[in-house]
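Participant: Chains as they are written, first to last, in the working numbering: chain A, 5 to 337; chain B, 5 to 337; chain C, 922 to 1255; chain D, 922 to 1255.
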Amino acid sequence: MTTTEAAAQSAEDLARDLYTKMTLAQACDERLRQGIARGEFAITIWPSRGQEAIAAGLGAALRTDDRLVTTYRGLHDMIGKGVPLEELLGEVLGRAVGAGRGKGGTMHITCPEVGVMLTTGIVGAGVPVAVGLALAARQQGSDRVVAVCFGDGATNTGSFHEGMNLAATWQLPVIFVCQNNLFAEMTPIGDTMHIERVADRALAHGMPGHRIDGNDPEAVYQAVSEAAEQGRAGEGPTFLECVTFRFKGHYMGDPQHYMPPEQLAAAEAADPIPRYRQKLIEAALLSAADADEIEQQAAAAVEAALKEVLSAPEPDGRELDVDFFADMKGIPA
Amino acid sequence: MTTTEAAAQSAEDLARDLYTKMTLAQACDERLRQGIARGEFAITIWPSRGQEAIAAGLGAALRTDDRLVTTYRGLHDMIGKGVPLEELLGEVLGRAVGAGRGKGGTMHITCPEVGVMLTTGIVGAGVPVAVGLALAARQQGSDRVVAVCFGDGATNTGSFHEGMNLAATWQLPVIFVCQNNLFAEMTPIGDTMHIERVADRALAHGMPGHRIDGNDPEAVYQAVSEAAEQGRAGEGPTFLECVTFRFKGHYMGDPQHYMPPEQLAAAEAADPIPRYRQKLIEAALLSAADADEIEQQAAAAVEAALKEVLSAPEPDGRELDVDFFADMKGIPA
Amino acid sequence: MTIAAETRTLTMAGAINEALDEALAADPRVFLLGEDLADPAGGVSGVTSGLSTKYGRDRVLDTPISEAAIAGAAIGAAIEGRLPVAEIMIMDFITIALDQIVNVAAKARFMSAGRTGCPMTVRTASFGGLGSGATHSQSLEAWFMHVPGIKVVVPSTPADAKGLLTAAIFDPDPCLFLETVALYGTRGEVPSGTHVVEIGQADVKRSGSDVSIVCYGRAVVDALQAAEELAAEGMEAEVVDLRTLVPLDIDTVLESVGRTRRAVVAHYSVEFAGPGAEIAAQINSRLFGRLAAPVQRVGARFRPIPSARALEAAVFPNAHLIAEAARRATGSPP
Amino acid sequence: MTIAAETRTLTMAGAINEALDEALAADPRVFLLGEDLADPAGGVSGVTSGLSTKYGRDRVLDTPISEAAIAGAAIGAAIEGRLPVAEIMIMDFITIALDQIVNVAAKARFMSAGRTGCPMTVRTASFGGLGSGATHSQSLEAWFMHVPGIKVVVPSTPADAKGLLTAAIFDPDPCLFLETVALYGTRGEVPSGTHVVEIGQADVKRSGSDVSIVCYGRAVVDALQAAEELAAEGMEAEVVDLRTLVPLDIDTVLESVGRTRRAVVAHYSVEFAGPGAEIAAQINSRLFGRLAAPVQRVGARFRPIPSARALEAAVFPNAHLIAEAARRATGSPP
Ligand SMILES: Cc1ncc(C[n+]2csc(CCOP(=O)(O)OP(=O)(O)O)c2C)c(N)n1
Ligand SMILES: Cc1ncc(C[n+]2csc(CCOP(=O)(O)OP(=O)(O)O)c2C)c(N)n1
Ligand SMILES: [Mg+2]
Ligand SMILES: [Mg+2]
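Written as structure tokens, this is what we have:
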């Protein structure tokens, strides 16, 4: 292969990888919402629909041993990072096959095999922990990096700032991935901060901060790759503001009364998934048939995993007495 | 009087006021350290020696009904704001004449009559409270402003950032006065943050942030006056980084092993008090004799207050049962 | 409890909304702040619905996700004599506001020797029992009992919720007002117009002579159900709803247990080192030698709260476990 | 307790320093982080003195004033299998780190079903009794007892401090290690070389048959003094040092109280809803009908801690109050 061919090949591989991750995240999110709407299962989820480009770019740019910390809205991130669908859906549905055998729940998924070390339901709480994960990497002499995902709203927390400052001070390999979807629950971003660019928050900590199009998976891939390279080289952390949108509101079922219809319509019109599909087809990096196939495979994979999960048992009652303290001697019953 | 005469007059008044405040703060700090060193009393203080210009400029620029929140190292700030010496020294020495009748202690002095609403020993904790004080001012239709003093180290706390963001979002009349003395306890500023200018932290919150010479009382006066004017006009908060130095270490008795001798020597050579004295004399705003008299009066005032405090009784044991809950019914004994 | 002549059926959430509404109407010093409180959201559980529309966004303030600053801002305003009602959406998040609540609010009047007070109310809610997992399901009221300087209020009925919240808002000292999401939909008769339930007054929700079930919040609902179960077996349980943990109305508890000589203490917070430990310790020491059986405690198991529903249910108390405890206390066969 | 052959006299602070030193030497996974830990300061109380010089600033990390991030960074490292020892300088500041400790560390193993652990130690110190006032003097260990998932360790002697801290550092689960500044200067025999005191094992610090004084931390020192006072009156008090509150060695307590039939429970944290409530409740229920007197509790009064020395002294327990309680338990005339 010539260099040009190799580059073309790798551009094609990357495109396929990104599109596969995006469609898988989308399929998973949609299938869960469908199941809730149909009454198949009674659970709460915080849909990531609309934010898939970030997860895809991030997942594609990171190595398997790189770490990820994410949130309740992070199923897409975890899919991008490679968490098996059975573990994800199993935990969301509270089954014994779940990542935490039903003990953690959707907001608390851990899958160390692919680097997902923590998922938090407490806004901002993952940020300082990510700093510690990066500190361990340095102590262990590893060049792995740590990505931590959170929302725009999370940048208003004290934890966020304390973590940012510590990572910058210690020049640790952390990539702060702010998925700015312009809302925190029902409150628009303009009501909770007085800045135009969330990326400017990095200035308070002497950290590079970039604002990128979070609906462009290649832009995310590029930015994360550079940040990771910098982190691996011992050149410290990076803050990335990835501007995106949440199509389905805060939680599945959110009536979104607070949402200006034009704003939602404009966001939906810029849906990153059809947009990327079209771009790839136009650039001849993917054929329409290939794209269709990727989409169908995603849906099929989700369906198969879901079927397996739904036929798996509920967690055993003995779960309460294992994996609590390593040694249960003297612990109240 | 012509306008020029009036301006000269007021410049002279201001100079005298600033120098009086500075020397009073200095005299109080020195007398307390002397008493500790001599074994007159066994207490802990966190000397403000070196930082008097900030307190003077701040106190002179604020109205009596403007609010102040400060810290364990804030005796100078409180003197600048007009807290009676007996109340201050009384609290520091744990006597019944103290601002809190000995219940609060040095770190917890309150004197609402002159606007001192809270003093905190928890680093960063005063910041969000100041925001609430400012919110109340707005709700009450008052144009009073709130100044909150804290150190460089405090800007690493989550509370600081949460408070800054809230004040900026709500455009409240808060003046954030960072007394950057380049150390937090025994740790130099460079070890705990990765930025050159603490003032840049305001960028994270869309707030004007200025770095000023904290050893120049007129510069502080000027900056605080402008910030206060802005606050009174409903134009929001300001962050002021006042660069200064702590001559006596973190607490009285601190051996300062961590302190580079050259750094301390250079700071002492730039002592704001003789520097301002000299400047005033050179500008003929104060005669040497006047300056001497101000200094002597400061020392005498401190001595008189101390004498009164030391002859005041210890707090009565019944203090434990009053001013705890307003209504003690059902409260554990 | 003063019951006004006129009552209507309201949900617990509706009663809380009404208390807030009436307080906002009655006194310009009252205001609310917290995340997502304003309309159209009206709070994540809709509890503050309509209030920002009625009183404006200057009285019902949406905040950033900044629990420390929410508490701090409320404290600052309270120090100035305002009557803020701060919402910490879910009780597990109160960890973030704890420095402010514990080190500033609870100590403000004492440390200033009365020169400043802190008439703030912190509304928060326990989300336990909804499958939300270990970080969104805790009941941490025991922590606040242990901190001198803040009142702790936990209503179990819509009427109490209205009356106690009104009392808390106008109380001159800081109050923690703990709501229970699982009870938001509970219906009950609620007085219209001003309704104040004195803080520090327990309420006998059912009389009985065989055993006293001392409880508060959600456990009251279970205790009443347990009492029905027990009544069918011929055992008359008295249900004492503490309503507030600080002040603790131990006199009403001792009067009841002194009569029945048997006590069960029940709550949804963790049993170990929980509120029931203090109550049991006081009953034991004050009624020493007069009890017919040891005090039985029923609380959540000493485990993080699991998310999967069956596991979660195995951690929390319920009517059946309370009835069991009553049977143990009375030596009845199961 | 395993006592090695060789011992030397060390202060409590020296013993803690030695435990840290030996742990750092023994295992590269161990590291320290906190404010002002590194030399020349070596910690605000000098407890970590010399360690950064010996092990470098990569193993003894000075941090910004960011308690949430200190805890969070320790947790993240612990999740990766490191053995961090985080210092929260004064226990009152732990309020700021509480979300991390309670919602992340204490739940890490459980929520992940064992896929990650969190072998972190949080060292903190109670500054009570030094006139520092209400926000620098609290003992909040009861909060952590109530949170399932973290061990709670409170040494009373230099030897125990060394042995328990070593155990905590190498424990696979999060441990809160509470030091008492007022005891830092206490001297005692401390084994040289590796010395481990098992977590969860109470220690009878003095034997006696008339009354059991159940205590931990600073109260042990007072209890021993009270026991001397009582011995002079012919009363033999047994002093049971719990050493750890989670796990709680209730068996040793019950064995002792079962024998003496009289118990005093003493600690420096607030009595109301404090650790003593749980211990008293357990003694009462497990030894129901066998106690000769109600369990007596001696804790701090339910007040913010005042700064002026005389007022402060009136809030905390002391040997005299413990002796009084023992006299009440035994019905002895005062
Ligand atoms: C500390 C804390 N406060 C409040 C909440 C409730 N809450 C859950 S999600 C959320 C909004 C978060 O917004 P953002 O960070 O922008 O993330 P997004 O949900 O938009 O992805 C809030 C307030 C929480 N979980 N944790
Ligand atoms: C939250 C908190 N953490 C730690 C401390 C201990 N402490 C007291 S003063 C101080 C240093 C503060 O530095 P800075 O903010 O720069 O103020 P300065 O003392 O220099 O005026 C520290 C760490 C505290 N009081 N509060
Ligand atoms: Mg968002
Ligand atoms: Mg400083």
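All C-beta atoms in this analysis are idealised placements derived from N, C-alpha and C, irrespective of residue type, glycine included.
#1: Across which residues does DSSP place Asn184 of chain A in a beta bridge pair?
#2: Hey, how far is the Cα of His261 of chain A from the Cα of Met211 of chain A?
#3: On the three-state DSSP scale, how would you describe Ala1221 of chain D?
#4: So with Cβ pairs under 8 Å, would you call His1188 of chain C a contact of chain A?
#5: Check for me: the beta strand (DSSP E) holding Ser1047 of chain C runs from which residue to which?
#6: Cutting at 7 Å between CB atoms, please list the residues of its own chain near Arg1278 of chain D, excluding the five before and the five after it.
#7: Is any heavy atom of ligand 2 found at a distance shorter than 7 Å from the C-beta of Thr161 of chain B?
#8: Is Ser1206 of chain C close to chain D? Criterion is C-beta to C-beta, closer than 8 Å.
#9: Using a Cβ cut-off of 8 Å, pull out every chain B residue sitting near Arg1249 of chain D, in sequence order please.
#10: Could you tell me which chain D residues have their CB closer than 8 Å to the CB of Asn160 of chain B, listed as they occur along the chain?
#11: Look at the Cβ atom of Phe251 of chain A, then the Cβ atom of Ala271 of chain A, and state whether they are nearer than 8 Å.
#12: In chain order, what residues place their C-beta within less than 6 Å of a heavy atom belonging to ligand 4?
#13: Is it the case that the CB of Arg77 of chain B approaches a heavy atom of ligand 5 more closely than 7 Å?
#14: For Gly1195 of chain C, would you say it is in contact with chain B, using Cβ-to-Cβ distances shorter than 8 Å as the test?
#15: Let me see if you follow: with CB-CB separation under 8 Å, is Val1006 of chain C close to chain B or not?
#16: Is His80 of chain B near ligand 2, going by C-beta to nearest heavy atom under 7 Å?
#17: Classify Ala959 of chain C as helix, strand or coil using the three-state DSSP reduction.
#18: Contact between the segment 166–180 of chain A and the segment 982–1002 of chain D is defined here as three or more beta-carbon pairs at a separation below 8 Å; is this criterion met?
#19: Run through chain B and tell me which residues come within less than 7 Å of Gly205 of chain A, C-beta to C-beta.
#20: Using a Cβ-Cβ cut-off of 8 Å, state whether Glu2 of chain B counts as contacting chain A.
#21: What is the residue span of the beta strand (DSSP E) that Pro1069 of chain C lies within?
#22: Measure the Cβ-Cβ separation of Phe154 of chain B and Phe243 of chain B and say whether it is below 8 Å.
#23: Just to check my reading of the structure: Thr1100 of chain C and Ile937 of chain C have Cβ atoms closer than 8 Å, yes? What is that Cβ distance to the nearest angstrom?
#24: Using CA coordinates, which residue listed in D:Val1117, D:Val1141, D:Gly1114 is at the minimum distance from Lys1260 of chain D?
#25: CB Arg71 of chain B to CB Gly145 of chain B, shorter than 8 Å?
#26: Any idea which residues DSSP pairs Val120 of chain A with across the strands?
#27: Of all the CB atoms in chain B, is at least one closer than 8 Å to the CB of Gln1021 of chain C?
#28: Can you round the beta-carbon distance between Ala1148 of chain C and Ile1134 of chain C to whole angstroms, since I take them to be within the 8 Å contact cut?
#29: Nearest to Ala59 of chain B by alpha carbon, out of B:Gln30, B:Arg37, B:Phe45, B:Ile49?
#30: Could you spell out where the alpha helix (DSSP H) holding His254 of chain B opens and where it closes?
#31: Do you know how far the Cα of Gly1210 of chain D is from the Cα of Ala1247 of chain C?
#32: Quick one: Cα of Thr969 of chain C to Cα of Leu1104 of chain C, how far?
#33: Which of the three DSSP states, helix, strand or coil, is assigned to Asp327 of chain B?
#34: Would Glu323 of chain B and Pro1227 of chain D be called neighbours here (beta carbons separated by less than 8 Å)?
#35: Quick one: Cα of Thr48 of chain B to Cα of Tyr255 of chain B, how far?
#36: If you count every other CB in all the chains shown that lies within 10 Å of the CB of Lys1028 of chain C, and 16 or more means buried, which is it?
Facilitator: Looking at the atomic coordinates:
#1: If you number the first sequence from 1, residue 184 of chain A lands on position 180. According to DSSP, Asn184 of chain A bridges with A:Val247.
#2: In the first sequence, residue 261 of chain A corresponds to position 257, counting from 1. In the first sequence, residue 211 of chain A corresponds to position 207, counting from 1. If you take the alpha carbons of His261 of chain A and Met211 of chain A, they lie about 37 Å apart.
#3: As a first step, residue 1221 of chain D must be located in the fourth sequence, where it is residue number 300. Ala1221 of chain D falls in the strand class under three-state DSSP.
#4: For this step, residue 1188 of chain C is matched to residue 267 along the third sequence. No, His1188 of chain C does not count as interfacial toward chain A.
#5: Mapped onto the third sequence, residue 1047 of chain C falls at position 126. First-last of the beta strand (DSSP E) with Ser1047 of chain C: 1042–1047.
#6: This structure cannot speak to residue 1278 of chain D, because chain D is shown only from 922 to 1255.
#7: Indexing the second sequence from 1 puts residue 161 of chain B at position 157. Result yes, Cβ under 7 Å from ligand 2.
#8: If you number the third sequence from 1, residue 1206 of chain C lands on position 285. So yes, Ser1206 of chain C belongs to the interface.
#9: Position 328 of the fourth sequence, counting from 1, holds the residue named residue 1249 of chain D. Simply none; closest approach about 15 Å.
#10: Indexing the second sequence from 1 puts residue 160 of chain B at position 156. Residues of chain D passing the Cβ test: Pro985, Ile986, Ser987.
#11: Here residue 251 of chain A refers to the residue found at position 247 when the first sequence is read from its first residue. Here residue 271 of chain A refers to the residue found at position 267 when the first sequence is read from its first residue. For Phe251 of chain A and Ala271 of chain A, yes; Cβs fall inside 8 Å.
#12: B:Gly155, B:Asp156, B:Gly157, B:Asn185, B:Phe187, B:Ala188
#13: Because ligand 5 does not appear in the structure shown, any question about it cannot be addressed here, the ligands present being ligand 1, ligand 2, ligand 3 and ligand 4.
#14: Position 274 of the third sequence, counting from 1, holds the residue named residue 1195 of chain C. So, not an interface residue.
#15: Here residue 1006 of chain C is taken as the residue at index 85 of the third sequence, counted from 1. No, Val1006 of chain C does not count as interfacial toward chain B.
#16: Reading the second sequence from its first residue, position 76 is the one you call residue 80 of chain B. No, Cβ of His80 of chain B sits at least 7 Å from all heavy atoms of ligand 2.
#17: Start at 1 with the first residue of the third sequence, and residue 959 of chain C comes out as number 38. Looking at Ala959 of chain C - three-state DSSP - the assignment turns out to be coil, as it is neither helix nor strand.
#18: yes
#19: On the first sequence, position 201 is the one that residue 205 of chain A refers to. Looking at the sequence itself, residue 205 of chain A is Arg, so the reference to Gly does not match. Chain B residues near Arg205 of chain A: Ala208.
#20: Outside the displayed range of chain B (5 to 337) lies residue 2 of chain B, so it cannot be described from this structure.
#21: Here residue 1069 of chain C corresponds to residue number 148 of the third sequence, with the count starting at 1. Element bounds for Pro1069 of chain C: n/a, residue is neither H nor E.
#22: Working through the second sequence from its first residue, we reach residue 154 of chain B at position 150. Working through the second sequence from its first residue, we reach residue 243 of chain B at position 239. Going by C-beta atoms, Phe154 of chain B is not nearer than 8 Å to Phe243 of chain B.
#23: Locating residue 1100 of chain C in the third sequence gives position 179, counting from the first residue. Locating residue 937 of chain C in the third sequence gives position 16, counting from the first residue. In the sequence on display, residue 1100 of chain C carries Glu and not Thr. Right, their Cβ atoms sit about 7 Å apart.
#24: This structure does not reach residue 1260 of chain D, given that chain D is present from 922 up to 1255, and the question cannot be answered.
#25: Walking along the second sequence from the start, residue 71 of chain B turns up at place 67. Walking along the second sequence from the start, residue 145 of chain B turns up at place 141. No, Cβ-Cβ distance for Arg71 of chain B and Gly145 of chain B is not below 8 Å.
#26: Here the question's residue 120 of chain A lines up with position 116 in the first sequence. DSSP lists A:Leu72, A:Cys115 as partners of Val120 of chain A.
#27: What you label residue 1021 of chain C is simply residue 100 of the third sequence in a count that begins at 1. Judged by the 8 Å Cβ criterion, Gln1021 of chain C is in contact with chain B.
#28: The residue given as residue 1148 of chain C occupies position 227 in the third sequence. The residue given as residue 1134 of chain C occupies position 213 in the third sequence. Correct: roughly 7 Å between the Cβ atoms.
#29: Walking along the second sequence from the start, residue 59 of chain B turns up at place 55. Taking only the C-alpha atoms, the option nearest Ala59 of chain B is B:Gln30.
#30: Mapped onto the second sequence, residue 254 of chain B falls at position 250. Neither: His254 of chain B is in no alpha helix (DSSP H) and is coded neither H nor E.
#31: Along the third sequence, read from residue 1 onward, the residue named residue 1247 of chain C stands at position 326. Along the fourth sequence, read from residue 1 onward, the residue named residue 1210 of chain D stands at position 289. Spanning the two alpha carbons is a distance of roughly 18 Å.
#32: Translated into positions along the third sequence, residue 969 of chain C becomes position 48. Translated into positions along the third sequence, residue 1104 of chain C becomes position 183. Distance between the alpha carbons of Thr969 of chain C and Leu1104 of chain C: 16 Å.
#33: To locate residue 327 of chain B, count along the second sequence from 1; it is residue 323. The answer is coil: DSSP assigns Asp327 of chain B none of H, G, I, E or B.
#34: Indexing the second sequence from 1 puts residue 323 of chain B at position 319. Indexing the fourth sequence from 1 puts residue 1227 of chain D at position 306. Yes, the pair counts as a contact, with Cβ atoms nearer than the cut-off.
#35: The residue given as residue 48 of chain B occupies position 44 in the second sequence. The residue given as residue 255 of chain B occupies position 251 in the second sequence. Those two C-alpha atoms are separated by around 7 Å.
#36: Taking the first residue of the third sequence as position 1, residue 1028 of chain C is located at position 107. Buried, because 16 or more other Cβ atoms sit within 10 Å of the Cβ of Lys1028 of chain C.
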